[in-house]
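K.L.:
Numbering (the working numbering), first residue to last: 46 to 463.
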RNA sequence: GGGGAGUUGGCAGAGCGGUCAAAUGCGGCGGACUGUAAAUCCGUUGGGGCAACCCACCUAGGUUCGAAUCCUAGACUCCCCA
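(1) Taking only the alpha-carbon atoms, compute the straight-line gap between residue 160 and residue 391 and give it to the nearest angstrom.
(2) Looking at C-alpha atoms only, which residue of 295, 230, 86, 337 is the closest neighbour of residue 315?
(3) Using the Cβ count rule (16 or more neighbours within 10 Å means buried), how would you classify residue 50?
(4) Counting only the same chain and skipping the five closest in sequence on each side, list residues whose C-beta sits under 6 Å from that of residue 115.
(5) Return the CA-CA distance between residue 401 and residue 458, expressed in angstroms with no decimal places.
(6) Quick one, which of 275, 297, 418, 178 has its alpha-carbon nearest residue 64's?
(7) Where does residue 203 fall in DSSP's three states?
(8) In chain order, which continuous runs of the alpha helix (DSSP H) of length 4 or greater are located wholly inside the region 65-110?
(9) Enumerate, from N- to C-terminal direction, the unbroken beta strand (DSSP E) stretches of 3 or more residues contained entirely within the region 115-163.
(10) Look up residue 169 in the DSSP assignment and say whether it is helix, strand or coil.
(11) Excluding sequence positions up to five away, which residues of its chain have a Cβ less than 6 Å from the Cβ of residue 52?
(12) One question on the structure: do residue 501 and residue 388 come within less than 8 Å of each other, judged by their Cβ atoms?
(13) Sorted by chain position, which residues of the same chain lie with C-beta nearer than 6 Å to residue 85's C-beta, five sequence neighbours on each side aside?
(14) Any contact of the region 310-329 with the region 358-366, i.e. 3+ C-beta pairs under 8 Å?
(15) Which runs of the alpha helix (DSSP H) fall wholly inside the region 209-244 and span at least 4 residues, in chain order?
(16) Since residue 174 sits in a beta bridge, which residues does DSSP pair it with?
(17) Taking only the alpha-carbon atoms, compute the straight-line gap between residue 68 and residue 250 and give it to the nearest angstrom.
(18) Mind checking whether residue 449 and residue 406 have CB atoms under 8 Å apart?
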């Protein structure tokens, strides 16, 4: 990457590692210098919250706004009804419109923390939903106006669907239309809002390029695409998964403490890279912290966790998570911020088995797993090894909150609610 | 419309009448080592139940002393021909 950008936005993207590819560096850079550039990223509503894997996208929009341009967050209210087949081995289950709407409501929450939708400035962030224009499309009109610009020959050649075809796995016509709809989104956003740029993960390259081509053909407008690298951790795992599944950005789906812990446990080799991508610390500082060696880099991981948690959940949540982590790991104690299971007297009844408590507190997914944990001496009750699988916890035992632990790192509190 | 192949644990993939809760790999979990890291090594790994015990190899029946394995019907997936 020898290109030296003139615009702040491009400079940030390049030096912080956001950039995988761009359709035209020079022309986009010029446009960014010339004025406020509206740019969008689409988010499909496949779950009630986005997870850490989307954070890079969100950070790109945040930098965009910080450097004076206009971010557009596009909810895929329409496209989610179809399902993006890109690089997927099988078809996604179809979501009902109600589920999609509920998901969108959940996803929207997180954006307000990263982007400013309320300012009077010309670069006010926009929240849109492509259902607005996709829902009312007329099939025949759409085919005639838009469909005629697409070559099936070309669509079949895209890498994103090739693997599916090569493996002779069926690609339904419904899914096949996804890329056309996404291309149409870009066209509509350009028409309605003057949107000049679509960003996304590198798996979206084909879809983005289609939108650019379509817009050129229909409106004769020159617009751009920019992709971010597909992130994996240094040890080759997909970004955003932890032991029990996705690391969600919404606090009600993943506690802020667990969110903090996820970043605190970053692999050494990823610290510098993640600081640049997910925090706003100066690049030099990121590089310095990422270069620390041995146990010193642990301090950098705390900074990483604090910075990211502050952005996503606020400074208080970050401080509380850090305090709890210190109490738990450095003093072997308890912290208020540990995941907590509140039991009512009714829940408790005459007593509840310890196995049930471990499951309900979220430490294991099944009772068998909990029993295995106990059998392997991995379970602890108030830091004492738990050996008796048949233990029943009653109200007396819960006079004080108890701490359950699975292994050395995962803890939960159980207390009796009034 | 006709013919064929298949459906096994989170995934991939063996098993083809008893010794099968089911090989192996991945993933997960626990432990050791460390720095709440990585790599490595060791152990473990279907579900429900405090327990006895129960449910489990697409579904529903059937044959057998006995079925993931055989038969019948159904659902779904894939392939080939038209």
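Where is the CB? At the ideal position from N, CA and C, for every residue including glycine.
P.N.:
Straight from the coordinates:
(1) 43 Å
(2) 337
(3) Around the Cβ of residue 50, a 10 Å sphere holds 16 or more other Cβ atoms; the residue is buried.
(4) 81, 83, 168
(5) 14 Å
(6) 275
(7) coil
(8) 70-79
(9) 115-120
(10) coil
(11) Hits under 6 Å: 74, 77, 78.
(12) Because residue 501 is not part of the residues shown, which for the chain are 46 to 463, the question remains open.
(13) 117, 119, 234, 240, 243
(14) Judged by Cβ distances under 8 Å, the region 310-329 makes no contact with the region 358-366, as fewer than three pairs qualify.
(15) Here the runs fully enclosed are 218-221, 223-238.
(16) Paired residues: 120.
(17) Looking at the two C-alpha atoms, the distance is approximately 9 Å.
(18) yes
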